[in-house]
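In UniProt numbering, the protein residues as written are 1 to 534.
Backbone N, C-alpha and C fix where the C-beta goes; we use that ideal spot for every residue, glycine too.
Everything below concerns the one structure shown next.
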């Protein structure tokens with residue numbers, strides 16, 4: 001019993017000590033959990049305060065990583081479109097270019113300035129020339145996509161819709177864009193070109209439709225070379241507004257980077273073309289809705305190309321619907337000349353040419369059902385197998401013209417689905433596995449990002465309300481000239497009379513003299529067929 005009473009106080013003291021220790025640990029844990037979020041909040045406040053004070057690096061100051069290596073960028077230059085000026089939010093005006101409107105989704109936060117001003121010392125300086133009658137819904141996405149690719153300057157030879165006052169006033173307001181209207185003065189100037197006295201383009205003279213367009217493009221390219229040289233350009237490309245450069249194979253997705261890596265002794269680089277392969281017959285925005293393309297012969301193993309040739313053509317005349325010999329970029333230098341819409345040449349030497357193994361031109365051909373009738377309406381040929389050979393260079397264009405000229409709407413739609421639309425899922429999967437068909441999403445993502453960032457709507461809003469007097473008169477002259485040509489084409493097709501083209505008028509003017517022989521122009525050519533392999 002004595003010993004029992006002796007140890008009882010000891011047990012009571014131990015229990016009390018344990019309780020106090022537990023309470024002390026709990027209090028410290030609660031204090032730690034309280035102080036931790038307060039400390040993190042204070043740290044975040046300090047970092048934000050320092051960032052606003054200029055101590056944190058802003059993306060607009062991280063200059064060097066945006067420019068391709070070797071492009072001579074200075075420390076204070078910024079990536080095009082990342083200027084500090086931000087477009088103030090305001091209500092968007094209504095426009096007939098509804099597809100160019102801005103969505104509410106945040107995207108491409110660095111495209112704060114739609115002008116995409118490029119610093120003068122960025123190299124190489126690249127320009128694109130084109131001949132177009134398209135509207136803003138096609139030209140603006142095409143143009144700003146190539147601005148993202150690194151193109152600094154555009155020489156646009158415009159007529160039709162592209163030359164109308166409402167369209168041209170927007171295009172005129174974009175930095176780096178020069179519009180050349182198809183006026184009487186321009187035609188008189190081009191009538192004096194040395195090209196008319198040379199043989200390399202002579203086989204295309206005095207023929208209608210596509211042949212006449214081919215000559216017009218070559219004359220425009222000749223003028224663009226002079227303008228490119230005067231503007232200090234390093235490279236020049238000729239692209240249509242249904243074509244996008246796909247600079248695959250470069251260290252970054254950039255045409256500037258791709259051309260920067262071209263050896264200095266190369267005069268011309270050839271971009272094999274891929275052809276759009278649509279999967280629906282109701283495409284309205286090809287750049288935003290088409291992701292599947294048929295690869296070029298030059299980018300496929302020979303046995304794959306010829307082994308799958310019949311399945312790839314699906315009964316069409318050739319592997320591609322239209323051309324298959326790509327487009328090219330030329331280094332701007334003395335004696336440069338066009339060699340048709342697809343190539344360049346030099347009066348004094350044979351250019352050193354390389355063909356790119358991964359990069360390509362994406363050609364969105366016949367991607368809209370309306371392309372059938374639009375091509376028909378601008379040509380005055382009779383819809384017969386004999387006469388279409390006089391107007392079109394490629395077999396599919398001839399067949400499409402005849403169908404569009406003779407068939408009903410329903411018959412045209414069925415023909416379009418059979419020959420253009422890829423509706424057979426099993427065949428698509430088979431050709432995708434063989435890499436004959438391929439998916440390319442980058443252009444679609446970039447163009448959609450530009451749209452969501454409000455680039456297209458901003459340029460429309462920022463355009464002046466009117467053109468200057470001289471530009472307005474030039475645009476009206478060009479638009480009227482285009483409508484007159486279209487009207488004559490339709491009338492001649494209805495009356496089965498062939499209209500005289502502009503080239504014939506040059507004969508009357510006596511501009512033909514002794515012809516000078518040069519390598520013949522490269523026309524749009526179909527890809528190799530099975531007979532070539534045999």
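Tell me the rounded alpha-carbon separation between residue i and residue j.
i: residue 418; j: residue 400; result: 12 Å
i: residue 260; j: residue 149; result: 12 Å
i: residue 310; j: residue 381; result: 31 Å
i: residue 351; j: residue 450; result: 37 Å
i: residue 135; j: residue 167; result: 7 Å
i: residue 126; j: residue 327; result: 15 Å
i: residue 375; j: residue 283; result: 17 Å
i: residue 232; j: residue 121; result: 11 Å
i: residue 141; j: residue 133; result: 15 Å
i: residue 343; j: residue 429; result: 34 Å
i: residue 186; j: residue 218; result: 14 Å
i: residue 64; j: residue 165; result: Here the model assigns residue 64 a pLDDT of 42, short of 50, so the residue's position is not dependable, and the following value carries that caveat. Cα to Cα, residue 64 sits roughly 40 Å from residue 165.
i: residue 191; j: residue 229; result: 22 Å
i: residue 371; j: residue 346; result: 35 Å
i: residue 45; j: residue 361; result: 50 Å
i: residue 38; j: residue 452; result: 38 Å
i: residue 335; j: residue 181; result: 25 Å
i: residue 341; j: residue 262; result: 22 Å
i: residue 303; j: residue 314; result: 18 Å
i: residue 432; j: residue 462; result: 43 Å
i: residue 193; j: residue 226; result: 13 Å
i: residue 158; j: residue 40; result: 60 Å
i: residue 427; j: residue 377; result: 33 Å
i: residue 322; j: residue 369; result: 16 Å
i: residue 214; j: residue 204; result: 8 Å
i: residue 35; j: residue 460; result: 54 Å
i: residue 536; j: residue 405; result: With the chain represented from 1 up to 534, any question about residue 536 goes unanswered, as that position is not in the structure.
i: residue 308; j: residue 464; result: 53 Å
i: residue 522; j: residue 305; result: 23 Å
Find out if the Cβ-Cβ distance for the pair residue i, residue j is shorter than 8 Å.
i: residue 365; j: residue 275; result: yes
i: residue 143; j: residue 154; result: yes
i: residue 267; j: residue 123; result: no
i: residue 554; j: residue 411; result: The requested residue 554 does not occur in the structure, where the chain is confined to residues 1 to 534.
i: residue 195; j: residue 222; result: yes
i: residue 316; j: residue 396; result: yes
i: residue 169; j: residue 466; result: yes
i: residue 246; j: residue 440; result: yes
i: residue 269; j: residue 151; result: no
In terms of residues, what are the limits of the alpha helix (DSSP H) holding residue i?
i: residue 165; result: 165-172
i: residue 145; result: 136-148
i: residue 390; result: 385-391
i: residue 191; result: Note, residue 191: premise wrong, no alpha helix (DSSP H); not H, not E.
i: residue 344; result: Element bounds for residue 344: not the alpha helix (DSSP H) but the beta strand (DSSP E), 344-346.
i: residue 419; result: 409-419
i: residue 215; result: 210-230
i: residue 445; result: 442-452
Between which residues of its own chain and residue i is the CB-CB distance below 7 Å, once the five residues before and five after are set aside?
i: residue 295; result: 274, 435, 436, 438
i: residue 251; result: 257
i: residue 209; result: 379, 381, 391, 392
i: residue 415; result: 403, 407
i: residue 324; result: 273, 296, 297, 525, 526, 527
i: residue 177; result: 154, 156, 171
i: residue 290; result: 276, 278, 283, 364, 367
Got a sec? Which residues, its chain only, sit under 6 Å from residue i by beta carbon, not counting five neighbours each side?
i: residue 398; result: 388, 392
i: residue 237; result: 128, 329
i: residue 363; result: 243, 273, 275
i: residue 162; result: 132, 133, 134
i: residue 456; result: 100, 140
Between which two residues does the beta strand (DSSP E) holding residue i run?
i: residue 275; result: 273-276
i: residue 360; result: 360-363
i: residue 581; result: The chain is shown from 1 up to 534; residue 581 falls before or after that span and cannot be answered.
i: residue 405; result: Note, residue 405: premise wrong, no beta strand (DSSP E); alpha helix (DSSP H) at 395-406.
i: residue 338; result: 336-338
i: residue 350; result: Per DSSP, residue 350 belongs to no beta strand (DSSP E) and is neither H nor E.
Compare the Cα-Cα distances from residue i to each of the options and report the closest residue.
i: residue 179; options: 193, 195, 160, 192; result: 160
i: residue 525; options: 394, 453, 448; result: 394
i: residue 537; options: 319, 413, 217; result: With the chain covering only 1 through 534, there is no way to say anything about residue 537.
i: residue 425; options: 359, 280, 34; result: 280
i: residue 100; options: 447, 385, 466; result: 447
i: residue 348; options: 26, 413, 162, 333; result: 333
i: residue 422; options: 306, 277, 291, 460; result: 277
i: residue 188; options: 201, 40, 35, 220; result: 220
i: residue 138; options: 427, 202, 241; result: 241
i: residue 292; options: 28, 367, 306, 307; result: 367
To which residues of the same chain is residue i closer than 8 Å at the C-beta, ignoring the five residues directly before and after it?
i: residue 145; result: 244, 287, 443, 446, 447, 450
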